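Note sheet for the following structure.
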Amino acid sequence: MSETVIAIWLGGGGAPHARDEIAAIRKGHPAASLILLTTPEGRRALEGFAGTCWEDGAARGAAAFLARARRLSWASAAHIYDLEVNRVTRFLRFCVWPRPQWHERAPPSMGREGTLPLS
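Counting along the sequence shown from 1, when you hit position 37 you're at 54 in the numbering used here, and nothing is skipped either side.
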């Protein structure tokens with residue numbers, strides 16, 4: 018059984034950033050099943066880059082957030098790559114059980130000054 022890897026991208030940094038990061042994830046986990054949590058626009062921009070796309074990543078509200086955390090937990094991913102690195106995705110890290118290895122891959126336009134690394 019191959020491991021599951023999830024990439025979270027909601028549009029931050031643009032599609033070229035996401036494509037580069039997903040290519041790097043594929044290189045690091047060649048046999049893994051890759052799930053992309055994104056928006057409907059993100060799914061169209063990255064068509065074919067992931068085996069499975071969940072396009073409910075930008076849903077708003079507490080219920081949507083909890084549903085997203087539950088869905089990520091049930092996927093039992095070995096690694097989650099946060100390509101967005103915003104407040105919501107950083108907090109989401111603490112709501113996923115069991116805790117997978119969490120990797121932050123901030124867009125180049127996001128300054129790293131004042132941002133404490135979580136992993």
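Ideal placement from N, C-alpha and C gives every residue a C-beta, glycine not left out. Remember, predicted model here, so these are calculated numbers, not experimental data.
query: Excluding the 5 residues flanking proline 57 on each side, which residues of the same chain have their C-beta closer than 7 Å to its C-beta?; result: Glu72
query: Three-state secondary structure (DSSP) at glutamate 72?; result: coil
query: Does alanine 62 come out as helix, strand or coil in the three-state DSSP assignment?; result: helix
query: In terms of DSSP beta bridges, what is histidine 96 paired with?; result: Val22, Gln118
query: On the three-state DSSP scale, how would you describe serine 50?; result: strand
query: Measure the alpha-carbon distance for glycine 28 versus serine 93 and round it to whole angstroms.; result: 24 Å
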